Structure formats: C-alpha cells, structure tokens
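Worksheet: the structure to be examined is printed underneath.
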Amino acid sequence: MKKVTDVSEKEKEAIEKLYAFIIKQMKAGSDKSVITQKLVEMGINKSDASHLVETVHTQIVKATKETEFTSSLLLPALLGGVLAAVVGGVIWGLIVIVTNYEIGFMALGIGGLCGFAVLLFSKGKRGLPLQVIAVFSSILGIFVGKYFFFFHYLKETLAKEYGVAVASNLSIFSQEVIQFFLDHIELTLSGFDILWVILAVITAWRIPKGFGIKL
C-alpha cells in the first residue's frame, strides 16, 4: 500500500473515505475481521484491507484512550463551564445594553464557548459527563445573559418611576430580583430564543462528545 504522502489527491480522497467507513463500522461495533471482509467485498486487496483496518483501529483506540474522561477532571471541567457561562452571559448582556438589540444567535456562541471551555479545562478529555456539564453551562450562560439585561432595564424603569436614588439601591445579587426574574422568565423568551437555546445546547453537547468507540 502506498503512503498517503505518495498518492494523488483523488487517491487521498479515496483513502479518507475508507478511513471514515472503517471508523463508522467501529462505532457500529464491528470487529476488525468483519470490517476487513467488508473492504475486501468492496474490491480492496485483503492484505491492504487488513493493514488499513489495523492502522485505523490502532489510531482510534489510542485517541480514545487519550481523551477518555476521568473523575478527577470533573471539578475543573465544571469550573471551566461555569466561568465560560458567566463571561459569555455578561458579554451578551452588555452587547444587548449597548446596541439596544437582543442578538439571539449570541446564545449559540455561548454554547460553543462553554463546550470549548469544558474541553479545555478537562485537558481535552471527552465523554458523557463532560457533555452534560457543557449543556448545563450553556443554559446557565443564557440565563446569566438574560438576567443581566433584565436587571439593567429593571433598574432603568425604577429610575424613571421612583428616581435614581431608589434604583441605585437595587443590587444585581438581590434574592428578590432573582426570584422575580425566575418567576417571570417566560416574559424574556420568544420563539426564536427557544430555537437559539436548543441550538446552543446541541453545540455545547457535541464539542466534548467522545469518539463513540467502545474499547
């Protein structure tokens, strides 16, 4: 079998497709002999098929083991996700306040930010626990953003109705304000918001997803 560096672009593309096929078969639970036989049935020389399957299998198993989640990384991943949620939410809130326009797709950015933060703080590990943390963080980030500009507009309203002195006494960490926000969260959500939240969750879920290979 030729080395990838010695082949044409068409051959490289064909090899990439074979790699993708082998990985798909591995995810489906097929063992090496079964995958090799399928490649032979596709017209590939048995020796080349066996070599290719062994090469891909070795690479995938190595990558899976290197990125396998360990419980010791749970707390760092959670801290990274929460940090990204707060930072992303505040930035989104500030953008809304400055532009006076709620940019819905920023929620998608929060999902991506939280997903990558979890991946970074877990040292590149992947797995279901990290996916759950990423999703939780993305939802938290969206809530932070919503609350941030909700509080801003609430304070503006109080200033107009009762004066700046009264409004200035209102704390962003006030339990009453937070509870009021949570009780009326549906008032801050539109149909498009729900769509962006779903997309943000999907984005966060996919980033720290494992390779799907059972060792």
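The working numbering numbers the first residue of the sequence shown as 38 and each following residue consecutively.
Glycine included, each C-beta is placed from N, C-alpha and C at the ideal position.
In this text, all values refer to a predicted model and were calculated from it rather than measured experimentally.
Taking the C-beta atoms as reference points, residue 248 is found no nearer than 8 Å to residue 52.
When DSSP reads this structure, residue 105 sits in a beta bridge with 163.
Of the candidates 200, 199, 216, 147, the residue whose Cα lies closest to the Cα of residue 241 is 147. Under the 10 Å beta carbon count, residue 184 is surrounded by 16 or more other beta carbons and is classified as buried. Spanning the alpha carbons of residue 48 and residue 55 requires a straight line of approximately 10 Å. When rounded, the separation of the alpha-carbon atoms in residue 224 and residue 105 is 41 Å. Residue 237 and residue 154 do not touch by the CB rule: their CB atoms are close to 13 Å apart, not below 8 Å.
Secondary structure of residue 217 (DSSP, three-state): helix. The DSSP-derived three-state label of residue 65 is coil. In terms of Cβ geometry, residue 171 and residue 118 form a close pair [threshold 8 Å]. Separation of residue 245 and residue 150 (C-alpha to C-alpha, rounded to the nearest whole angstrom) is 12 Å. With contacts defined as CB atoms closer than 8 Å, residue 93 and residue 76 fail to qualify as a contacting pair. Residue 178 is not a Cβ neighbour of residue 141, given a cutoff of 8 Å.
Of the candidates 235, 157, 206, the residue whose Cα lies closest to the Cα of residue 120 is 157. Counting of Cβ neighbours within 10 angstroms places residue 73 among the buried residues, the total reaching 16 or more. Across the structure, residue 169 and residue 114 are spaced so that their CA atoms are roughly 11 Å apart. The criterion of a C-beta distance shorter than 8 Å is satisfied by residue 122 and residue 174.
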